[in-house]
Amino acid sequence: MNIIIVGGGKVGMTLAAQLNGENHEITLIDTDAKHVDAAVNSMDIQGIVGNGTSYRTQLDAGIENADLLIAVTDTDETSLLSCLIAKKAGDCHTIARVRDPEHYNEIEFIKEELGLSMAINPEIAAAANIYNLIQVPSALDVDSFAKGRVNLLRLEIPHGSVLDGMHLSEIERVAKIQLLVCIVESEGDIIIPNGDTVLRAGDRISVILPISELRSVLNKIGIRARPIKNVMIAGGGNISYYLAKMLVKSGIEVKILELSHQRCEELSVLVPEALIINGDASDQQLLMEEGLMGTDALVSLTSIDEENILLSLYANKVSAAKCITKISKIAFEEVVRELPIGAVICPKTITAQMISSYVRSMQNSMGSNVETMYKMMDGRVEALEFKVSENAKGDFLGVPLSNLNLKPDILICSIIRGKKITIPRGRDIIKGGDTVIVVTTKTGLNDLSDIFA
Amino acid sequence: MNYGIIRYIIARVIFIEAAAMLLPWIVSLFYNERCGIIFLLCAVIGMAAGYFWARKKPANTSFFAREGFAMVALSWIVISLIGAVPFVISGVIANPIDALFEIVSGFTTTGSSILTDVEALPKCMLFWRSFSHWIGGMGVLVFVLAVLPMAGGQNIYLMKAESTGPSVGKLVPKVQKTAMYLYAIYTALTLSHLVLLIIGKVPLFDAFCLSFGTAGTGGFGVLGDSFASYSPFAQNSTTIFMLLFGINFNFYFYLISRRYKNALAMEDVRWYFIIYIVVSAIITLNLLSAGSFVSLREVLFQTSSIMTSTGFASADFNLWPSLSRALMVMIMFTGACAGSTGGGMKVSRFVIYVKTVAKELRQLAHPRSVKLLKMDGKPIEHEVIRIVNVYLCAFVFVFAASFGLILLDGFDLTTSFTAVAATLNNIGPGLNIVGPTGNFADFSALSKLVFIFDMLAGRLEIFPMLLIFNPGTWRKRG
Chain A
1 MNIIIVGGGK
11 VGMTLAAQLN
21 GENHEITLID
31 TDAKHVDAAV
41 NSMDIQGIVG
51 NGTSYRTQLD
61 AGIENADLLI
71 AVTDTDETSL
81 LSCLIAKKAG
91 DCHTIARVRD
101 PEHYNEIEFI
111 KEELGLSMAI
121 NPEIAAAANI
131 YNLIQVPSAL
141 DVDSFAKGRV
151 NLLRLEIPHG
161 SVLDGMHLSE
171 IERVAKIQLL
181 VCIVESEGDI
191 IIPNGDTVLR
201 AGDRISVILP
211 ISELRSVLNK
221 IGIRARPIKN
231 VMIAGGGNIS
241 YYLAKMLVKS
251 GIEVKILELS
261 HQRCEELSVL
271 VPEALIINGD
281 ASDQQLLMEE
291 GLMGTDALVS
301 LTSIDEENIL
311 LSLYANKVSA
321 AKCITKISKI
331 AFEEVVRELP
341 IGAVICPKTI
351 TAQMISSYVR
361 SMQNSMGSNV
371 ETMYKMMDGR
381 VEALEFKVSE
391 NAKGDFLGVP
401 LSNLNLKPDI
411 LICSIIRGKK
421 ITIPRGRDII
431 KGGDTVIVVT
441 TKTGLNDLSD
451 IFA
Chain B
454 MNYGIIRYII
464 ARVIFIEAAA
474 MLLPWIVSLF
484 YNERCGIIFL
494 LCAVIGMAAG
504 YFWARKKPAN
514 TSFFAREGFA
524 MVALSWIVIS
534 LIGAVPFVIS
544 GVIANPIDAL
554 FEIVSGFTTT
564 GSSILTDVEA
574 LPKCMLFWRS
584 FSHWIGGMGV
594 LVFVLAVLPM
604 AGGQNIYLMK
614 AESTGPSVGK
624 LVPKVQKTAM
634 YLYAIYTALT
644 LSHLVLLIIG
654 KVPLFDAFCL
664 SFGTAGTGGF
674 GVLGDSFASY
684 SPFAQNSTTI
694 FMLLFGINFN
704 FYFYLISRRY
714 KNALAMEDVR
724 WYFIIYIVVS
734 AIITLNLLSA
744 GSFVSLREVL
754 FQTSSIMTST
764 GFASADFNLW
774 PSLSRALMVM
784 IMFTGACAGS
794 TGGGMKVSRF
804 VIYVKTVAKE
814 LRQLAHPRSV
824 KLLKMDGKPI
834 EHEVIRIVNV
844 YLCAFVFVFA
854 ASFGLILLDG
864 FDLTTSFTAV
874 AATLNNIGPG
884 LNIVGPTGNF
894 ADFSALSKLV
904 FIFDMLAGRL
914 EIFPMLLIFN
924 PGTWRKRG
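Protein sequence lines correspond, in order, to chains A and B.
Per our numbering, the very first residue in the first sequence carries number 1; after that it's consecutive.
Per our numbering, the very first residue in the second sequence carries number 454; after that it's consecutive.
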């Protein structure tokens, strides 16, 4: 597809790299020639220096032949105006990043009037992601597929777990646990496992299991599963606000630590149910006083990455709280991943991820059969949702999976038929009308038939 | 320095050049020339070597500006060395330096020759000489980019190093597609010219060779008198096509994608035509007053040939009055448009120079005035202006050094000066001894080596060639 990206900031660059890797034709518009130069010299894309809200610039970027314009500029107004002009000039799909809560509250109206295909608020997206994490105890990461019906949980095998040293094929028989391991991360390697893969303590595994059995399964594995009843949030920015709203709604006690008195007052009006504390989140004494030891989860959301990391490190040391750390600028990732700071959230990556999965789903209507696509583990793994059409023909249909030959590094992790979600076993079959979810380290799969050898 | 990727790309280039050698072999079959077998031999050996050398893909395929520039410079040296082999083996041009000079002149689309009697050459050798113009005109690496799927965005550096002009942009987001478009336009124009030449009653073999020469703005002819004995129609169509190949190829892309406004806004194309018309008019008046005017066709052909750096000749401008000859030397330097197959310093650079000087004058009158220079209606980046200015310095240095070395041969000033100008600007003929009817045969081996360097430096726009002499380029990255 021809895609124009307005704004060459971090999200714009991440998107350009990701979409270019998926073989789309990218044109990047930015007012700063330095940004454009850097982008063009490092990626196979075209760059235009100019204002994305200008009709002429958009013409230069080829808006007339574009399929999609993504506006991720500094300000909402610029992004929205770019989208409006693109819609009128090129009649293409448009996606805007909209940050300001005032705009976002009226987003339905704005979307309708400007003909936006998608408006994304990075803060809300991040808050929703954190909320998911808090809901599922101890899982490091949750990805939802099939409109939230299937959850992929990423968790670490603790020392002394029954799973340590076990072959995947034995899990069900020996440990009496029903779960499907989709991805194994072991010492930096990412593998799509098969029955012979052996699990080790310290490995991170991504599993699919019914939420109803979540707690008992986690207990069997040896992960302490205690529902989270109270959460401490360090920093009172927008993400904190959205998160607090969500948590309060589901009956979880929220405590927000914020440095600025004025912001505290605002928050106390916005989220009256939460306890707002005016103070420095890096003040050890204050943390103790406010009960860091007794809190179930600590979410570090201050504006300074280093402070968030230190805070989570400290909480991990002194308390049993589940930690979630926001990092805005992912650098030195190899180091950060090894720190005991719990789950890491990066709003910019989340935004880029959501947009690129929209692009994928848009492309489906233009050829491939991928319903949605999720990039996980920094894009090294993809989970793809394929829709098999009712009257599809293919020699893989109706054949028990055990008789089918999958390509290496591919795993079918769910088959959804109507409302029923099956975690597939050897005797299950794929029928027309099913939705099939596949996990793979390969990229560029476009059709379900691509997965069979 | 990533040596692995350099080896890989050069192997690919060798493969493609060897494959191109099959064409002269086919030509030799038509004319029953026994020396054609040399091309088959070179092609087979070259393709095998290229294939095996490129079989192992380097583990690290990422490269940066300096690898890009070094790769381009080395590729051009390598293709020249290989391209000279058939001349030497067949004994047509037995002296290796002469053979190298001839083929470098071909690939760099210069068109200067050391041959005293062109017509004595076997047809397959003549074809290879002219075909090298066509290969070199758009660039070998651009061709590699068009046919070879390469991951990573860094290959824009290859295109930047090989394409002409101060700022190289892509036509479409992907390098590969851009390269394919460029070659498609190039091929289509070449074929149109070929058809016109055949209509103009040019023999088929000559028509092929001449259209290659026109397309690459090279200038190797197949007859001793270059173009004088072809029909007026063939001459006029060549005048037009030389001009067309001197236009920025973006212009054609804009026309094809029906962005006429962008096409018309291109300042260098506009100035290119203005300079052409003004110079032709002055020369016509000058010839008229001197009483040596023959026909307008003759004037238009020579100016078009020299300005686009082609170097065909239908008349000996060496016999023209001084004013006309001086003008011819001046348009050698302005050259054609950026982004074309033409040589010279490029019109767009001169437009920037004039604007910079005008701005400096205004700055003297109003020291605090602020004004961004614009080109095609858009502000020019300071970076671009800086590079364009430095280019002028480098050009002058290389020119002066070459001039000095050539003077050691003891030829007169005009000959020496225009010989350097003709090679560094990739024109072909100069004045006096190296004029349209003369050749470069009498220069010493050292001078020929200097010319070889100048032609390569001119085609690659100086910096890639200078860069390979910089020791820092070859150091491993820590």
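From the three backbone atoms N, C-alpha and C, an ideal C-beta is built for every residue, glycine too.
None of the values given here were measured: they were computed from a predicted structure.
Straight through space, the alpha carbons of ILE805(B) and THR868(B) are spaced by roughly 30 Å. Around the C-beta of ALA512(B), fewer than 16 other C-beta atoms lie within 10 Å, and the residue is accordingly described as exposed. The region 636-646 of chain B makes no contact with the region 543-558 of chain B: fewer than 3 CB pairs, one atom from each, lie closer than 8 Å.
In this chain, ALA718(B) is not harboured by any beta strand (DSSP E), its DSSP state being neither H nor E. For the region 39-71 of chain A, the set of positions with a beta-carbon nearer than 7 Å to some beta-carbon of chain B reads VAL40, ASN41, SER42, MET43, ASP44, ILE45 and GLN46 in chain order. Taking a Cβ-Cβ cut-off of 7 Å, the neighbours of ILE26(A) in chain B comprise PRO626, given in sequence order.
Using a CB distance cut-off of 7 Å, GLU834(B) counts as an interface residue toward chain A. For ALA383(A), the three-state secondary structure derived from DSSP is strand. Considering only beta carbons, the part of the region 824-852 of chain B lying closer than 7 Å to chain A consists of GLU834, in chain order. DSSP, read as helix, strand or coil, puts PHE665(B) in helix. ILE546(B) does not reach chain A, its nearest Cβ partner there being about 41 Å away, counting only Cβ pairs nearer than 8 Å. Around LYS623(B), the beta-carbon contacts reaching into chain A at under 7 Å are GLN46.
One Cα belongs to ASN403(A), the other to LEU257(A), and the distance between them is close to 57 Å.
Contacts with chain B at 7 Å (Cβ-Cβ) do not include ALA89(A). Looking only at THR78(A), VAL248(A) and HIS93(A), the smallest Cα-Cα distance to ILE63(A) is reached by HIS93(A). Residue contact with chain B for ALA352(A): absent (no Cβ-Cβ distance below 7 Å to any residue of chain B).
Rounded to the nearest whole angstrom, the CA to CA distance from ALA875(B) to SER565(B) is 8 Å.
In the DSSP assignment, ALA234(A) falls within the beta strand (DSSP E) that extends over 230-234. In the DSSP assignment, LYS510(B) falls outside any alpha helix (DSSP H) and carries neither an H nor an E. Listed in chain order, the non-local C-beta contacts of PRO917(B) below 6 Å within the same chain comprise PHE522, VAL525, ALA526 and ALA614, local neighbours out to five positions each way being set aside. With fewer than 16 other Cβ atoms from the protein chains shown falling within 10 Å of its own Cβ, PHE109(A) counts as exposed. Taking C-beta separations shorter than 8 Å and ignoring five residues to either side along the sequence, the partners of ILE416(A) in its chain run ALA146, ARG149, VAL150, THR422, ASP434, THR435, VAL436 and ILE437, following chain order. With its beta carbon at least 7 Å from every one in chain B, ALA453(A) lies outside the interface. In this chain, the alpha helix (DSSP H) harbouring SER558(B) covers 549-560. Bounds of the beta strand (DSSP E) holding ASN151(A) are 150-156. DSSP, reduced to helix, strand and coil, places ARG417(A) within a strand of the structure shown. Sorting LEU884(B), VAL837(B) and LEU493(B) by C-alpha distance to the C-alpha of PRO774(B) places LEU884(B) at the top. Contact between VAL198(A) and MET166(A) holds: their C-beta atoms lie close to 7 Å from each other, under 8 Å. For SER206(A), the enclosing beta strand (DSSP E) covers residues 204-208. TRP927(B) counts as exposed, since fewer than 16 other C-beta atoms from the protein chains shown sit within 10 angstroms of its C-beta. Legend: CB atoms of the region 522-553 of chain B lying less than 9 Å from CB atoms of chain A are not found in any residue. Contact between GLY669(B) and GLY589(B) holds: CB atoms are separated by about 6 Å, below the 8 Å threshold. Fully contained in the region 41-77 of chain A are the following beta strand (DSSP E) runs of length 3 or more, in chain order: 46-49 and 68-71. Leaving aside the five residues that flank VAL873(B) on each side, the residues in its chain whose CB is nearer than 7 Å to its CB run, in chain order, PHE852, SER855, PHE856, ILE859 and ASP907. Along the length of the region 753-779 of chain B, whole alpha helix (DSSP H) runs at least 4 residues long do not occur. What ILE609(B) touches in chain A, judged by beta-carbon distance under 8 Å, is VAL40, ASN41 and ASP44, going in chain order.
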